[in-house]
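Residue numbers (our numbering), protein chains in the order written: chain A, 162 to 322; chain B, 7 to 371. The beta carbon of each residue, even a glycine, is placed where N, CA and C say it ideally should be. Keep in mind that this is a model prediction, so the values were computed, not measured.
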Amino acid sequence: MDNSIKRKLKAIFRGIEISTEKNGRLVISVPMDSTGDVLKSLKDQGYIHLALISCVDWIDKEKLELVYILSSYSENDHIILKTNIPRKKLDFRTVIDIFENAEPYEREIHELFGIDFKGHPRQIPLFLERDYEIPPFRKDFDTRKYVKEYFDEIPFVKEDK
Amino acid sequence: MRELELFFGPQHLGMVGNFSITLKVEGDRIIQATANPGYLHRGFEKLMEYRTWIQNFPLVCRINVVEPDHMEMVYSMAVEKLAGIEVPERAHHIRSIYLELARVGSHLFGLWAYANMLGFDTVAQWAMYHRDLILDLFEELTGGRVYHIYIWPGGVRRDFPRGFEDRMVSTLHSIGKCVPDYDATFFNNRLFYERAKDIGKITQAEAIKMGGVGQVIRATGLKSDIRKIEPYAAYQKVDFEVPIREDGDAYSRVWVIRDEMIESVHMIFKLLDNLPKGEVYNRIPNPFKWTIPPGDAYVRVESSRGELGLYLVSDGGDKPYRVHFRTPSYTHGLVILEKLLKNASIADVGNIMISLYVVAPEIDR
């Protein structure tokens, strides 16, 4: 399966890198602009199930990496599609028009990593109750320091005797 | 008629778990439903970046209270894949037996919630009692009732104790003897049919479009099961059926759950018959100094609710660089639930939610 998909994608899209793992799994790196088109093309080729959208903060390389994991309901393979977003300008497009279940994933990434998904209908908080200066799942957010600042100040209750 | 806003949960009799839904209603009809997760958000994935590979085991199992075992499994599989650790044959078999036992326990818990919600209190109590018998087995095997931390990179922590297999078989037989009772009181009961038929109906095309997995997709007639598609542990060595139903409603989903339990018990018997001898774990390097080469992996297992995945990234250090769990309740509870509640009546909210088998801690992570 992978060879035909590989050839097809290479022919259509520019700047795309495809590597095959030992077990035949495809890992595709695409530039930001063509992510939507590549996802659409993969969906047409049978990868109809979006399992996960994840985000990794590569702080040393000054970029956030979005990871799309696609699979089908019957085949033993899945595709990992990656794209990099510069940390300075965190704008990206939504993929809800392609995969409907992308909605909560993008909402979560917006909240925890601060990526702005253009065209997303409701980028409102999903889990968190406070406002954070740095989105909390980024690598420069120090959980321990935050906990110390926010929760260590609460004084102990003194019992009246 | 006037439009009203109704807060369903987290403190509500019809709500199981820490989860809430805001309903916009007109009379008894729901116009719009908004799911609000976050009551249990503890930032596990971030916390795991601060702990070593082995220290994370007590954390991962707490992500899903009902069924911690598949969480351990998926994390172990990802670590094994990144570190290139082999698992002995006997450990594969024990893992499968253990996971199927967990599936039965989890389904019984789901049955408890569902029967309780419909007012079948007796059936609910039976299901809870039978789940407790399975927890007894887990206690004997692992020392813990709810959280077990039994699966380990390289195998399982210890072999079956002496006589454990016989006790497991007799427990499963005693539960199996009650299946006719369950059927007569609940599954073949007219009340259950009337209450669940055509409730929360979803077509196969819609379920696929919205990323449904597990019972949700199998109740629409699609035979999709990770244990068959991408076999892990010892599932390629054992012959089993994937139960399906056609209608895609709450009735079908609960029937799929029932059939799966029976199939799981049969699978345990088959696996016990062919249990190979040998070691149950391969030694891993010193856990305090263990580093894993850089790379990323996505692994998936079929938990009792559907595809449970883990995207794990290592940067070569002694701690994970990024952990992201793909939990089945996430899409079921946040996308499909909102869709199915539209135009439903208020009385069916619990019915639809529990038949989708939404477990709140799994969503929040």
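Using the beta-carbon count (16 or more within 10 Å), is residue i buried or exposed?
i, result
"B:Gly-125", "exposed"
"A:Ile-290", "In the sequence as presented, Ile is not what sits at residue 290 of chain A; that position holds Glu. Per the 10 Å Cβ criterion, exposed."
"A:Thr-181", "exposed"
"B:Tyr-199", "exposed"
"B:Met-372", "No information on residue 372 of chain B is available, as it lies outside the stretch 7 to 371 that chain B covers here."
"A:Ile-246", "buried"
"B:Glu-368", "buried"
"B:His-99", "buried"
"B:Asn-194", "exposed"
"B:Asp-172", "exposed"
"B:Met-359", "buried"
"B:Gln-131", "exposed"
"B:His-179", "exposed"
"B:Met-7", "exposed"
"A:Val-308", "exposed"
"B:Asp-354", "buried"
"A:Val-318", "exposed"
"B:Pro-291", "exposed"
"A:Ser-235", "exposed"
"B:Arg-289", "exposed"
"A:Ile-173", "exposed"
Just the Cα atoms here: how many angstroms apart are residue i and residue j?
i, j, result
"B:Gly-15", "B:Ala-41", "10 Å"
"A:Asp-205", "B:Lys-229", "21 Å"
"A:Ser-165", "B:Glu-313", "27 Å"
"A:Lys-202", "B:Glu-9", "For clarity, residue 202 of chain A is Ser in the given sequence; the question names Lys instead. Going by the C-alpha atoms only, they are around 43 Å apart."
"A:Lys-283", "B:Arg-224", "Checking the sequence, you will find Arg at residue 283 of chain A rather than Lys. If I take the Cα positions, the gap works out to 30 Å."
"B:Glu-236", "A:Asn-237", "5 Å"
"B:Phe-331", "B:Ile-181", "33 Å"
"A:Leu-213", "B:Val-341", "14 Å"
"B:Lys-325", "A:Ile-295", "22 Å"
"A:Arg-175", "A:Asp-252", "21 Å"
"B:Thr-128", "A:Asp-277", "50 Å"
"B:Glu-247", "B:Asp-142", "27 Å"
"A:Leu-225", "B:Lys-52", "16 Å"
"B:Lys-183", "B:Tyr-156", "29 Å"
"B:Val-22", "A:Leu-287", "19 Å"
"B:Tyr-120", "B:Ser-361", "7 Å"
"B:Trp-261", "B:Arg-251", "8 Å"
"B:Ala-108", "B:Ile-274", "11 Å"
"B:Ala-366", "A:Lys-322", "42 Å"
"A:Phe-242", "A:Gly-207", "According to the sequence as given, residue 242 of chain A is Leu; it is not Phe. If I take the Cα positions, the gap works out to 15 Å."
"A:Gly-303", "B:Pro-300", "For the sequence presented, residue 303 of chain A should be read as Asp rather than Gly. Each residue's Cα considered, the two are about 23 Å apart."
"B:Ile-104", "B:Asn-62", "The sequence as given places Tyr at residue 104 of chain B; Ile does not occur at that position. So the two alpha carbons sit approximately 20 Å from each other."
"B:Val-72", "A:Arg-168", "45 Å"
"B:Met-174", "B:Arg-164", "16 Å"
Starting from residue i, follow its DSSP beta bridges and name the residues at the other end.
i, result
"B:Gln-38", "B:Lys-30"
"A:His-239", "A:Ser-232"
"A:Glu-182", "Answer is none; A:Glu-182 lacks a bridge partner."
"A:Pro-247", "A:Lys-224"
"B:Glu-9", "B:Glu-32"
"B:Val-305", "B:Leu-316"
"A:Phe-317", "The partner list for A:Phe-317 (beta bridge, DSSP) is empty, contrary to what the question assumes."
"B:Ser-230", "According to DSSP, B:Ser-230 bridges with nothing at all."
"B:Tyr-363", "In DSSP, B:Tyr-363 forms no bridge with anything."
"A:Asp-252", "A:Asp-277"
"B:Arg-173", "None; B:Arg-173 has no bridge partner."
Nearer than 6 Å: is that true of the beta carbon of residue i relative to any heavy atom of the ligand ATP?
i, result
"A:Gly-176", "The ligand ATP is not part of this structure, which contains no ligands at all."
Near-chain A residues of the stretch 314-342 of chain B - C-beta to any C-beta below 8 Å: Residues of the stretch 314-342 of chain B whose Cβ lies closer than 8 Å to any Cβ of chain A, in chain order: Gly-315, Tyr-317, Val-319, Tyr-327, Arg-328, His-330, Arg-332, Tyr-336, Thr-337, Leu-340 and Val-341.
4-residue-minimum alpha helix (DSSP H) runs that sit fully inside the stretch 187-235 of chain A, ordered along the chain: 196-205
Positions along the stretch 271-294 of chain A whose CB lies within less than 8 Å of some CB in chain B: Pro-286, Leu-287, Phe-288, Leu-289 and Glu-290
Residues from the stretch 199-224 of chain A in contact with chain B, defined by Cβ distance under 7 Å: Of all residues in the stretch 199-224 of chain A, Ile-209, His-210, Leu-211, Ala-212, Leu-213, Ser-215 and Val-217 have a Cβ within less than 7 Å of some Cβ in chain B.
The stretch 32-48 of chain B: positions lying closer than 7 Å to chain A by Cβ: Pro-43, Gly-44 and His-47
Contact residues within the stretch 356-371 of chain B, judged by C-beta distance below 7 Å to chain A: Asp-370
Contact list for the stretch 219-230 of chain B against chain A, Cβ threshold 9 Å: Val-219, Ile-223, Leu-228, Lys-229 and Ser-230
Within 9 Å of chain B by C-beta, residues of the stretch 254-265 of chain A in sequence order: Phe-260, Glu-261, Asn-262, Ala-263, Glu-264 and Pro-265
Residues, ordered as in the chain, of the stretch 292-310 of chain B that lie near chain A by beta-carbon distance below 8 Å: Those would be Asp-302, Tyr-304 and Arg-306, in chain order.
Complete runs of the alpha helix (DSSP H) confined to the stretch 90-162 of chain B [at least 4 residues]: 95-124 and 127-148
Residues of the stretch 50-61 of chain B whose Cβ lies closer than 9 Å to any Cβ of chain A, in chain order: Glu-51, Lys-52, Leu-53, Glu-55 and Tyr-56
Contact residues within the stretch 298-314 of chain A, judged by C-beta distance below 7 Å to chain B: Phe-298 and Thr-304
Contact set between the stretch 234-245 of chain B and chain A, restricted to residues whose Cβ is under 7 Å from the partner: Ile-235 and Glu-236
Contained alpha helix (DSSP H) runs [length at least 4] in the stretch 219-271 of chain B, N- to C-terminal order: 220-224 and 232-235
Cβ-based contacts, 7 Å cut-off: residues of the stretch 198-221 of chain B near chain A: Within the stretch 198-221 of chain B, the qualifying residues are Ile-214, Lys-215, Met-216 and Gly-217.
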